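Reviewing the structure listed below.
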Amino acid sequence: MKFSSREAVIMAMKDYTIRRGVDYQVYESEPLTFYAKCTQYRSGCDWLIRVNMISRKYCWVIRRYNNSHTCTRATISQDHSKLDSNTIAEAIKPLVEADPSIKGKSVITEVQLKFNYIISYRKAWLAKQKIRYSKMVCEYELCYQRLRERDEAYTNWLNRIPREQYALAFDIG
Numbered sequence: 004m005k006f007s008s009r010e011a012v013i014m015a016m017k018d019y020t021i022r023r024g025v026d027y028q029v030y031e032s033e034p035l036t037f038y039a040k041c042t043q044y045r046s047g048c049d050w051l052i053r054v055n056m057i058s059r060k061y062c063w064v065i066r067r068y069n070n071s072h073t074c075t076r077a078t079i080s081q082d083h084s085k086l087d088s089n090t091i092a093e094a095i096k097p098l099v100e101a102d103p104s105i106k107g108k109s110v111i112t113e114v115q116l117k118f119n120y121i122i123s124y125r126k127a128w129l130a131k132q133k134i135r136y137s138k139m140v141c142e143y144e145l146c147y148q149r150l151r152e153r154d155e156a157y158t159n160w161l162n163r164i165p166r167e168q169y170a171l172a173f174d175i176g
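Residues in the sequence shown are numbered from 4 upward in steps of one, following the numbering used here.
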């Protein structure tokens, strides 16, 4: 299996473990390597995965994979450690973009339908805020780009005014 980026690898890992109801621990996280094992490794479950960046192909490839998880979570929980606000934000992004005033309860319900976990109101609120913040940053960058274009146009306009006419306004006064 190939991935386009390190972030895509991590998102796929989170999605897999959340849907299976299992967990993993990261053992090595380098710019070109990602290595994780089951939290119950050596005590009933030998699941592990190593993914490396292949520079010739410009993609991430699974180099080592030990079958599926053979364990189940030790405790039954309504939440999952890998179900953080970033993962939730990616899952609910279309909803929040369609309706920015969506209620936290609706976000919780949507996450429950997608992942079969009931998240806290705090996680739902943080996910909504992250989406709103990223949208605000994009709008700010767009406005800043427009301002730079207008500044350049204004500078060009001023440069076309002859220096004699430009200085007259200050000398006569």
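Note that beta-carbon positions come from the ideal geometry of N, C-alpha and C, so glycine has one too.
Predicted model only: the values in this text are computed from it and were never measured.
Closest Cα partner of N89 within the set Q168, K17, R166, E152: K17
Is it right to say Y143 is buried, meaning 16 or more other beta carbons lie within 10 angstroms of its own, or is it exposed? exposed
Thinking I122 and D82 are a contact (beta carbons under 8 Å), I'd like their distance in whole angstroms, please. 6 Å
Would you report the Cα separation of R67 and T73, rounded to the nearest angstrom? 17 Å
N- and C-terminal bounds of the beta strand (DSSP E) containing L3: In this structure the chain extends from 4 to 176, so residue 3 is not present and cannot be described.
The beta strand (DSSP E) spanning N55 covers which residue range? 51-57
Between G107 and the rest of its own chain, which residues show a CB-CB distance below 8 Å, the 5 nearest in sequence each way excluded? Y124, A127, W128, K131
Do A92 and I134 have their C-beta atoms closer together than 8 Å? yes
For the candidate residues V25, A156, N69, whose alpha-carbon lies nearest to that of N43? A small correction: the amino acid at residue 43 is Gln; Asn does not occupy that position in the sequence shown. Of the candidates V25, A156, N69, the one whose C-alpha sits nearest the C-alpha of Q43 is V25.
Cutoff 8 Å; reference G176; Cβ partners in own chain excluding five residues on either side: Any reading at G176 must be qualified, since the residue scores a pLDDT of 47, below 50, and its modelled position is unreliable; the value itself is stated next. Nothing meets the Cβ criterion.
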